[in-house]
Every structure is written in C-alpha cells, then in structure tokens.
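Since the structure comes first, as structure tokens, the remarks are kept for the end.
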Amino acid sequence: MSPADPGGGRGDEAASAAAWAHVEVSRHPDRPYSLDLVQRCLDDFIELHGDRQGGDDAAVVIGLARLSGQPLAVVANQKGRTLEERGKRNFGMAHPEGYRKAQRLFTLAGRLQLPVVSFIDTPGAYPGVAAEERGQAWAIAQTLEAQLALPTPYLAVVIGEGGSGGALATLLADAVLVLEHAFLSVASPEAAAAILFRDAGRKQQAAAALRLEAANLLEWGIADEIVPEPPGGAHTDWDGTGRLLRPRLEARLKELTERGFDPARRRERYRRLDGLFSA
Amino acid sequence: MAISPAYARPQSTEAAFTCGACKGTFPRAQAAGNLYVCPGCDAHSRISAHERVRQLADRGSFEEWDGELAGRDRLGFVDTKPYVDRLQEARERQGLPDAILSGSASIEGRPVGLASFDFGFLGGSLSTAVGERLARAIERSADERRPFVCVTSSGGARMQEGVFSLMQMAKSVAALHRLAETHVPFISILADPTMGGSIASFAALGDVILAEPKAMIGFTGARVITQATYEQLPAGFQTSEFHHARGLIDQVVDRRQLRTVLGRLLAVLGAQTSEDARRLA
Ligand SMILES: [Zn+2]
Numbered sequence: 001m002s003p004a005d006p007g008g009g010r011g012d013e014a015a016s017a018a019a020w021a022h023v024e025v026s027r028h029p030d031r032p033y034s035l036d037l038v039q040r041c042l043d044d045f046i047e048l049h050g051d052r053q054g055g056d057d058a059a060v061v062i063g064l065a066r067l068s069g070q071p072l073a074v075v076a077n078q079k080g081r082t083l084e085e086r087g088k089r090n091f092g093m094a095h096p097e098g099y100r101k102a103q104r105l106f107t108l109a110g111r112l113q114l115p116v117v118s119f120i121d122t123p124g125a126y127p128g129v130a131a132e133e134r135g136q137a138w139a140i141a142q143t144l145e146a147q148l149a150l151p152t153p154y155l156a157v158v159i160g161e162g163g164s165g166g167a168l169a170t171l172l173a174d175a176v177l178v179l180e181h182a183f184l185s186v187a188s189p190e191a192a193a194a195i196l197f198r199d200a201g202r203k204q205q206a207a208a209a210l211r212l213e214a215a216n217l218l219e220w221g222i223a224d225e226i227v228p229e230p231p232g233g234a235h236t237d238w239d240g241t242g243r244l245l246r247p248r249l250e251a252r253l254k255e256l257t258e259r260g261f262d263p264a265r266r267r268e269r270y271r272r273l274d275g276l277f278s279a
Numbered sequence: 001m002a003i004s005p006a007y008a009r010p011q012s013t014e015a016a017f018t019c020g021a022c023k024g025t026f027p028r029a030q031a032a033g034n035l036y037v038c039p040g041c042d043a044h045s046r047i048s049a050h051e052r053v054r055q056l057a058d059r060g061s062f063e064e065w066d067g068e069l070a071g072r073d074r075l076g077f078v079d080t081k082p083y084v085d086r087l088q089e090a091r092e093r094q095g096l097p098d099a100i101l102s103g104s105a106s107i108e109g110r111p112v113g114l115a116s117f118d119f120g121f122l123g124g125s126l127s128t129a130v131g132e133r134l135a136r137a138i139e140r141s142a143d144e145r146r147p148f149v150c151v152t153s154s155g156g157a158r159m160q161e162g163v164f165s166l167m168q169m170a171k172s173v174a175a176l177h178r179l180a181e182t183h184v185p186f187i188s189i190l191a192d193p194t195m196g197g198s199i200a201s202f203a204a205l206g207d208v209i210l211a212e213p214k215a216m217i218g219f220t221g222a223r224v225i226t227q228a229t230y231e232q233l234p235a236g237f238q239t240s241e242f243h244h245a246r247g248l249i250d251q252v253v254d255r256r257q258l259r260t261v262l263g264r265l266l267a268v269l270g271a272q273t274s275e276d277a278r279r280l281a
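As they're listed, the protein sequences go chains A and B. Note that our numbering has the first sequence beginning at 1, numbered continuously upward. Note that our numbering has the second sequence beginning at 1, numbered continuously upward.
Below, the structure is given as structure tokens:
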C-alpha cells in the first residue's frame, strides 16, 4: 500500500465508512447509558456517593445492587442526556475524583466480598487543567492497580465508547463483555487522527486503521463475548437491549463465582494478553 | 535482526551540541561531560537509553536483558507511512529493537534492575514489545531481589498498535504486583517527557518517584487541553516542579546528582552492595 493510500492496512473507503458507522452508533444520542442498563439488568440498585477524600464526581456512578439474588458492587461511567445533565456528568469524562470513587468501590467490594460489575461508556479521562493539577494520571494508575488486586469476581461490560486510559480504569475484569456496537480504543478516532495525520478531520481513516470494531476485541482475546444488540442498534430499543444483556451478566457472574476465583489469574490474563511472547 | 550492543551508540556523532532551550552551542565533549545538561542554561536535554544507562550504571556493570525482544505490526497499520517502515528506521537509527533498554547493573555499588526508555525511538511510546520488555525486567528484578529503577521518557501510547498499546498499561501494572509481593522497591524516575499511558500506569506507581528538572509530565498534553477546553494554562503547567508542589513527585533531582541520590536511596532501602553479596555467598 502506498503512503498516498492510507486507510489502515485495509486501505479502502468502505473500511473507513464501516468503522466510522460503528463509532457513530456507539455515540448515538439515544443510546442507553449506564444507568438505563443498570435499571434493566440489575435489581434494587442503590447509589452511593463520593470518593471519601472530598470529591463526588458525577461522571462515575457507584452503588450496590443484586442480580439473581446475588449482592453486587457496581461502578459505571455515566453520560448525561439533557443539556444540564451532560454538564453535570461532564459527558462521561471523569476527573481524578471519579477514579478515586471507583477505587473506593473496589475497596468496599473487597471488604464485603462482593463481586463487581462495571459499565464502561466514556470518551476518556477529562482533558483539563484541574484534572491534571489533581493528579489525573496518578488516579488512573492507582485504579489499574486496585482492579488487579481486587479479591472478588469482577465482570466488565463496554456498553458504548471505551476511550483510552479512562476506560481501562474500570475494564480490567475477569470477564469482559462488549455490546455489538460498542468499541474500545487507545484514543478517540479524532485524537488519533490529530496525532497520526495532524488532522482531526481524518477520523474515519483513523477509526479504520485502529480496527476498533467490537468483533476484533473478541478475536484478539481482549473481550470474552460480544453481546448482540436489537436489530438497528441499542438506541432503537432499550428494553430489548436489557433483555439481551441481563442473561449474559447472570451467566458470566455465575460462572465466575462458581469457578473458584483467584485474582492472580486476573493479573496473569493482563500480563499475557497480547499473546505475542511466550513466557 | 542485528542489534548493537549496549554502549555502542553515541548520543550523536555531530561535533557540536546545541541546546534546545537556549540554542547555545557547545563542544560535544563539554556537553557530554555535563551529562547533556546545557552548560549555559542547565536545561536537561533528552538523552538516548544507552546514554542514560552509561550515566547511571557503574562502569562495566550493565548486562542487557532481553536484547532481542522485538514486536511486530499486529494491525497492518498505515498512516502517512507503513508502521513496519517506521519501526525499521527507528531500529537502525537508535540501535535498539524497540523504545526501551533493560538489564542488570549496579549503581554506586548496589545491584539493581535498570530500564530506560528511548525517546528517539518513536517517542518512547508503549508498544507491545516495550511493555513486554518492561514487564520482564520488573519480574526478573523481583525474582533476583534487585531494586527496580526505571527512567521513563515516553509520549505514551503507540497509536500504530491501537488497543494492544493501551493494554500495555495493564500489563506493566500486573507485572509490578510481583515487586509488591516480594517487597522489592521500585524507584520511578520521570524524564522529559512522561505523558499519557506511561504516567497513567507504571511510572506513577513508584515507591519513590523522582523527576528531572522541568520535565513535561501529565496525562493529556497541553496542546490537546487547550484545543478541547480553551482553558488558560497556569505558569509551569505539567512540569516536574508543578507536580512536586502538588504532592505527586517526591523530589526533583538535577541529572548531575541523580546517581548520588539513587545511591543514597538504595542504601537507605537496604539494598546490598555487590561487596555484601560476595561476602554472603
Ligand atoms: Zn541551554
């Protein structure tokens, strides 16, 4: 392929269009957000608040719930739907307090021996001055560490956008499910295009080059399962999406709790994930 | 693939050294003798991984680990140039299979595991090969009870490896668990720049975190923040000193003091000297 014909190794406009369509569905304004799916897939959700260090970032929601009678700890990225709520939730982009809130939830889960379910839907960590001043990178790093030390079963579901380190902060689970039109990426297609082509407008090309469709995550062993969405996508039918997701959460959680669970196995999974090197 | 042995690469073959900060020009020998800290303005210029090891390790003590470990182009990635071509050019230019050098060494007589990022190799970015070599160095240090010293100079993720690059953050943190389990110290040294996925994973998790003066450190780069938020950036934003003032970095250390400071730290942490090891053997 010539440099004049970039397009991510698949090198055609169809690939760019397909990858971009995937991104657009994952970001559809009518797509169910975390709390919409918590309501449809879990029972008796009770929200908890705060990182216990002075902050309560509304871009991250934590709480307690049950599934098939099993008590759970829940952590979720939360986007807002109305103008006001979008501001309050900061478009699902957390500050350090959001990651520390997630850490608090992992600590609580370990103490009470509760399995954790996470819902991932974030463009990434918030790129702002205040976030940097308060240690955004440190907060994310510590959250990665907390996940790999969590002594209870842990299930993650990518339900929409899974952008960069901000998504990774609640992704390092024993089983990772990805909704059919969700994606996980090292950077947003816009940011990747700005870096690779010095032109954020070439986001479609970047999306194709990054191969960020959900199906690839399964092939690469990063996801364990792709959960189908209703015909037309999750945004057309929230209840239908919940009906497809809930039994998969139940089955995976049962499997994890019954299998006999060991956080060392989780660390081993992320240590060997890319499968390129023998031990 | 032929890889030059450690110490084989000079910082540059040009006769003069030009400071990127004050633009002053100095004889290379003078700059090298000052550890590539500008003799005019004290700016700490970026140095290669080989030069870093030469500066920190006791003479002749460095023995490379995993020197043949190289990755590949998993995604068939092409941006303005095929990724395989970028990799090949960087390998030839930097004399490394990827953006990190690792091995055993002693510092002021105390054995350590030592890793150093090479910013000249695709911005010191986190590829699968970099993540793997880093993880192996961490684990081997733990197994050999060597304090682990890592000098990071990295722009963060390597876009051309997509989500595999992202997952190196998880891999490095998973490896660090071995150090915690074995109670072996991790000294993280942040050099210019330490950004994105590198500071948001292993580099922020040192038991002790040191940084070189005026290094740029942060999760999101200043340019992206300005474009995304139109915020006014405070003076000294994202420098070592900025983070030190906010409790995120233990000490800002001049490169010319780094060996001495490391030696003192290793002594206080109870790391044995090579001499102790011989006596006990
Ligand atoms: Zn200068």
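Built from N, CA and C at the ideal position, the CB exists for glycine as well.
I138 of chain B carries a helical assignment under DSSP once its states are collapsed to helix, strand and coil. By the rule that beta-carbons nearer than 8 Å mark a contact, S141 of chain B does not touch chain A. If you draw a 10 Å sphere on the C-beta of Q88 of chain B, you find fewer than 16 other C-beta atoms in it, and that means exposed.
Close to chain A, meaning a Cβ-Cβ distance shorter than 7 Å, are the following residues of the stretch 174-205 of chain B: A174, A175, H177, G197, I199, A200, S201, A204, L205. Relative to ligand 1, the beta carbon of A31 of chain B is positioned no closer than 7 Å to any heavy atom.
A contact is defined here as three or more CB-CB pairs under 8 Å, and the stretch 16-25 of chain B fails this definition with respect to the stretch 202-210 of chain A.
Taking a Cβ-Cβ threshold of 7 Å, the residues of chain B close to S164 of chain A are L166, in chain order. Shown here for S68 of chain A: same chain residues with a beta carbon closer than 6 Å to its own, the five before and five after excluded, namely E250 in chain order. Here E24 of chain A is exposed, its C-beta having fewer than 16 other C-beta atoms within 10 Å. Contact of L83 of chain A with chain B is not assigned, every C-beta pair being separated by 8 Å or more. For A215 of chain A, no chain B residue has a C-beta closer than 9 Å to its own C-beta; the minimum C-beta separation is roughly 13 Å. Using beta-carbon distances, W20 of chain A does not count as an interface residue toward chain B, since no partner is under 8 Å. Residues with their Cβ less than 6 Å from any non-hydrogen atom of ligand 1, running along the chain, are B:C19, B:A21, B:C22, B:G24, B:C38, B:G40, B:C41, B:A43. By the 16-neighbour rule on beta-carbons within 10 angstroms, V78 of chain B is buried. Leaving aside the five residues that flank A57 of chain B on each side, the residues in its chain whose CB is nearer than 6 Å to its CB run, in chain order, A105. Across the stretch 242-273 of chain A, CB contacts with chain B closer than 7 Å involve R267, Y270, R271, L273, in sequence order along the chain. The beta carbons of L126 of chain B and A157 of chain B sit closer together than 8 Å. Of the candidates B:G76, B:A99, B:E132, B:G76 places its Cα closest to the Cα of E161 of chain B. If you check the CB distance, R256 of chain B and V112 of chain B do not come in under 8 Å. The beta carbon of P123 of chain A sits no closer than 8 Å to any beta carbon of chain B. Shortest Cα-Cα distance from A17 of chain A to any of A:A264, A:T152, A:R211, A:R266 involves A:R211. According to the DSSP secondary-structure assignment, C150 of chain B is paired through a beta bridge with B:A115, B:S188. The C-alpha of V208 of chain B lies about 16 Å from the C-alpha of E241 of chain B. Listed in chain order, the beta strand (DSSP E) elements of length 3 or more contained wholly in the stretch 27-95 of chain A are 43-48, 60-67, 70-77. Sequence-distant partners of A109 of chain A (beyond 5 residues in either direction) whose C-beta falls short of 7 Å from its own C-beta, in its chain, are A73, V116, L150, T152.
Per DSSP, V37 of chain B is not a residue of any beta strand (DSSP E), being assigned neither H nor E. Taking a beta-carbon distance threshold of 8 Å, A191 of chain A counts as an interface residue toward chain B. Between the stretch 62-69 of chain B and the stretch 87-102 of chain B there are three or more C-beta pairs closer than 8 Å, enough to call the two in contact.
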